[in-house]
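**Q**
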Amino acid sequence: MSTRPNPPQTRSLNRTQPAPNPPDLTTCDSAAFDPSLKRLDMAELTSATKNFSSDLIIGDGSFGIVYKATLSYGVTVAIKKLDPNAFQGLREFRAEMETLGKLRHDNIIKILGFCSSGVDRVLIYEFIERGSLDQWLYDEEQDNTIGRLTLSWDTRKKIVNGIANGLAYLHGLDTPIIHRDIKASNVLLDSDFEPHIADFGLARQVKEAHSHVSTQVAGTMGYMPPEYREGNTAATVMADVYSFGILMIEIATQNRPNWPVRFEGKDMGLVEWARKMVAQNRQIEMIYQKIPNKELIEDEVKEYFRIACMCTNELSKERPVMSQVVELLSRISS
Numbered sequence: 001m002s003t004r005p006n007p008p009q010t011r012s013l014n015r016t017q018p019a020p021n022p023p024d025l026t027t028c029d030s031a032a033f034d035p036s037l038k039r040l041d042m043a044e045l046t047s048a049t050k051n052f053s054s055d056l057i058i059g060d061g062s063f064g065i066v067y068k069a070t071l072s073y074g075v076t077v078a079i080k081k082l083d084p085n086a087f088q089g090l091r092e093f094r095a096e097m098e099t100l101g102k103l104r105h106d107n108i109i110k111i112l113g114f115c116s117s118g119v120d121r122v123l124i125y126e127f128i129e130r131g132s133l134d135q136w137l138y139d140e141e142q143d144n145t146i147g148r149l150t151l152s153w154d155t156r157k158k159i160v161n162g163i164a165n166g167l168a169y170l171h172g173l174d175t176p177i178i179h180r181d182i183k184a185s186n187v188l189l190d191s192d193f194e195p196h197i198a199d200f201g202l203a204r205q206v207k208e209a210h211s212h213v214s215t216q217v218a219g220t221m222g223y224m225p226p227e228y229r230e231g232n233t234a235a236t237v238m239a240d241v242y243s244f245g246i247l248m249i250e251i252a253t254q255n256r257p258n259w260p261v262r263f264e265g266k267d268m269g270l271v272e273w274a275r276k277m278v279a280q281n282r283q284i285e286m287i288y289q290k291i292p293n294k295e296l297i298e299d300e301v302k303e304y305f306r307i308a309c310m311c312t313n314e315l316s317k318e319r320p321v322m323s324q325v326v327e328l329l330s331r332i333s334s
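For the sequence shown, the UniProt record's numbering assigns the number 1 to the initial residue and increments by one for each residue that follows.
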């Protein structure tokens, strides 16, 4: 796992509350987690992070700080130390352990171990070399000195396909998992630009005989579906589909979802702008300006935005499921 702080965004509408001192994991707690996960002691993690040195920070999430570290047996990992004073941090620990701890997919980040000691909760992940998709979309100006280049159109399609496959896997499980916070900063890119969905702190399982999870509204402004604005707090897989559609538009256009877009002298949201541009048959103009037109095939670009608009339909029942999205995207993959 590798990430970096992003511009201020609202990750969750839940307010962080101070937590009472949480107990250590019990045998019953541990039974809910993957028994193959390695349990590390705090002394080793403290040593690996040089006493959680600020020099090793690679990310600052909503409920914890992420460090790059090398364990005693030589493996480089990402270590997330959750805020011991935040009740939400304890919930995030349990959510990640109970969901991510049992997942195995090429497009889902792997959790390697954990530490639960006193008030401390720490998660250990595989280290993903190229950092977050958010970095690659928006940090290129300041990082040109290290050779960061604009992502090609083929690479962007590859990333979109990988994210779609990861979400289809989550939603297709016997007990489906809703991620609830799909966004550019929660997608990490490896050395081959293969995407890995990360940050399962808001994830929820949909139990048998239910199509939704009743919960408080959570997510990031700009990516949350319209039904949340209408007071519907039932989380469904279709909320993930909507966020994915937003991310598709963002990856192609390099416009942040929570920033207004100018269209014919008027500021509007990203989805409204995309629909107006598509209606005027101006899909090629929507593509990020630094991507050469010679990389683009017009019919392919049109189909790409058609799929994105399907995913961001105002009515959740009209959105495709992720397995359908994977099939549609396969027709335009490189």
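Beta carbons: idealized from backbone N, C-alpha and C, even for Gly.
#1: Please state if the CB of G131 and the CB of I124 are separated by a distance shorter than 9 Å.
#2: Let me know the secondary structure DSSP gives A78 once reduced to three states.
#3: Could you check if G265 is buried or exposed, using at least 16 other CB atoms within 10 Å of its CB as the buried criterion?
#4: Helix, strand or coil: which one does DSSP assign to Q289?
#5: My guess is that G101 and L37 are in contact by the Cβ rule of under 8 Å, so how many angstroms apart are they, rounded?
#6: Does W153 pass the burial test, meaning 16 or more other C-beta atoms within 10 Å, or should it be called exposed?
#7: Indicate the three-state DSSP secondary structure (helix, strand or coil) for K38 in the structure shown.
#8: Per the DSSP calculation, R68 is bridged to which residue(s)?
#9: Rounded to a whole number of angstroms, what is the C-alpha to C-alpha distance between E300 and P257?
#10: Compute the Euclidean distance between the alpha carbons of V261 and T220, then round it to the nearest angstrom.
#11: Any chance the region 155-168 sits against the region 56-70, with 3 or more Cβ pairs inside 8 Å?
#12: In chain order, what residues of the same chain lie with their CB nearer than 7 Å to the CB of N144, ignoring the 5 residues before and after it?
#13: T155: buried (16+ other C-beta within 10 angstroms of its C-beta) or exposed?
#14: Rounded to the nearest angstrom, what separates C115 and Y223 at their Cα positions?
#15: Please confirm whether G64 and E92 have their CB atoms less than 9 Å apart.
#16: Look up A95 in the DSSP assignment and give the residues it is bridged to.
#17: Tell me whether the beta-carbon of K317 lies closer than 9 Å to the beta-carbon of M238.
#18: Candidates D120, L137, Y242, I177: which alpha carbon is nearest F193's?
#19: Tell me, which residues are paired with Y125 by DSSP?
#20: Please determine, among R229, E272, K81, Y228, the residue with the shortest C-alpha to C-alpha distance to I249.
#21: When the Cα atoms are used, what is the spatial distance from A43 to T150?
#22: Taking the alpha carbon of N165 as the reference point, which residue from V206, R121, H105, H179 has its own alpha carbon closest?
#23: In terms of DSSP beta bridges, what is D60 paired with?
#24: Taking buried to mean at least 16 other C-beta atoms within 10 Å of its own C-beta, is Q135 buried or exposed?
#25: Determine, using beta carbons only, whether E96 and F200 come nearer to each other than 9 Å.
#26: I need the DSSP call for I182, collapsed to helix, strand or coil.
**A** Taking the geometry as given:
#1: no
#2: strand
#3: It counts as exposed.
#4: coil
#5: 6 Å
#6: buried
#7: strand
#8: For the sequence presented, residue 68 should be read as Lys rather than Arg. Its beta-bridge partners are A78.
#9: 23 Å
#10: 18 Å
#11: no
#12: Low local confidence applies: a pLDDT of 49 at N144 is under 50, so the model's placement there is unreliable, with the coordinate-based value given in what follows. Hits under 7 Å: none found.
#13: buried
#14: 32 Å
#15: yes
#16: Note: A95 sits in no beta bridge, so no partner.
#17: yes
#18: Nearest Cα to F193 within the set D120, L137, Y242, I177: L137.
#19: A78, I111
#20: E272
#21: 41 Å
#22: H105
#23: I65
#24: buried
#25: Contact flag set, yes.
#26: I182: coil per DSSP, three-state reduction.
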